[in-house]
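*Asks:* Numbered according to mature numbering (1 follows the signal peptide of the UniProt record, and there is no 0), the sequence shown spans residues -19 to -1, 1 to 149. For glycine and all other residues, C-beta sits at the position ideal for the given N, C-alpha and C. Below is one structure. I have some questions about it.
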Amino acid sequence: MYLPHLIGLTIAGTSLTMAACPPRIEDGIKAGDDLARWAQDSINAFVPFQDGWQEGFDVAFSTDVHATFNATVFTFDTFKTAYEGFYQLLNGGFAGTFEHGFLSAVGVPNAADNGGFVTVTGWQAGYIGGAGGRLINTTDAAFVVIAETENCERKIVEFRETSNLGRF
Ligand SMILES: *[C@@H]1O[C@H](CO)[C@@H](O)[C@H](O)[C@H]1NC(C)=O
Ligand SMILES: *[C@@H]1O[C@H](CO)[C@@H](O)[C@H](O)[C@H]1NC(C)=O
């Protein structure tokens, strides 16, 4: 007796939640550009080379994100721990000269909500040991799956990162 009742409630709750989210930008190209911009802004906030990257990380990633970096698989917590290590490398190793930028960004929106798929490529550069050191300028890429949450936020649910920046 209770089961049909519960299912009815769940369905009603879901449709209420969906109705509350702003609709996707109707034009698919504009929606893709908007999604790609969101991904780049998020990445700019969490690339671990300046103070405050942790907040950017927490805001961008879903707590059940599936992340990979090269061949290594991470959870939200283990990825954040790995980024702590990168922070030492990028901030300390380049002594304040690290920079990064995007070379390309492709955004493909979901059909019916504000999530979708973004593929970005970029560069990462810095002078080893600081200004006057040897310049290293390498490439990186990420494939990002973004979901619209029940709160109508965007969260990264899958993040596949690769980078040629080695341990110098
Ligand atoms: C690294 O290479 C990219 C792509 O060629 C370039 O746009 C960027 O300015 C370079 N960065 C540095 C710090 O030299
Ligand atoms: C990813 O692979 C590149 C190329 O082999 C290597 O230089 C880099 O250190 C690797 N990064 C991580 C975090 O495993």
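Pick helix, strand or coil for residue 153, following the three-state DSSP scheme.
*Replies:* As shown, the chain starts at -19 and ends at 149. That puts residue 153 outside it, with no answer to give.
*Asks:* So the candidates are G96, L70 and N51; which of them puts its Cα closest to the Cα of R141?
*Replies:* Residue numbering aside, residue 141 sits at position 160 when the sequence shown is read from its first letter. Ranking the options by Cα distance to R141, first place goes to N51.
*Asks:* Using 9 Å as the threshold, is the C-beta distance between G103 and I117 below it?
*Replies:* Taking the first residue of the sequence shown as 1, we reach residue 103 at position 122. Taking the first residue of the sequence shown as 1, we reach residue 117 at position 136. Taking 9 Å as the Cβ cut-off, G103 and I117 do not qualify as a contacting pair.
*Asks:* Do L71 and ligand 1 come close, with the Cβ less than 8 Å from some heavy atom?
*Replies:* As a first step, residue 71 must be located in the sequence shown, where it is residue number 90. No; taking the cut-off as 8 Å, the Cβ of L71 has no heavy atom of ligand 1 nearer than that.
*Asks:* Is the beta carbon of S43 less than 9 Å from the beta carbon of V125?
*Replies:* Residue numbering aside, residue 43 sits at position 62 when the sequence shown is read from its first letter. Residue numbering aside, residue 125 sits at position 144 when the sequence shown is read from its first letter. No. Outside cutoff.
*Asks:* Identify whether T135 lies in helix, strand or coil by the three-state DSSP scheme.
*Replies:* Taking the first residue of the sequence shown as position 1, residue 135 is located at position 154. Contrary to the premise, residue 135 reads as Arg rather than Thr in this sequence. DSSP places R135 in strand when its eight states are reduced to three.
*Asks:* Using only alpha-carbon positions, find the residue among G111, R115 and D121 that is nearest to Q105.
*Replies:* Residue mapping note: residue 105 aligns to position 124 of the sequence shown, counting from 1. Taking only the C-alpha atoms, the option nearest Q105 is D121.
*Asks:* Alpha carbons only, please: which of E134, A93, F98 and G110 is nearest the one belonging to D8?
*Replies:* Along the sequence shown, read from residue 1 onward, the residue named residue 8 stands at position 27. With distances taken between Cα atoms, D8 lies closest to A93.
*Asks:* To the nearest angstrom, report how far apart T143 and I109 are at their CA atoms.
*Replies:* Here residue 143 corresponds to residue number 162 of the sequence shown, with the count starting at 1. Here residue 109 corresponds to residue number 128 of the sequence shown, with the count starting at 1. For T143 and I109, the distance between alpha carbons rounds to 21 Å.
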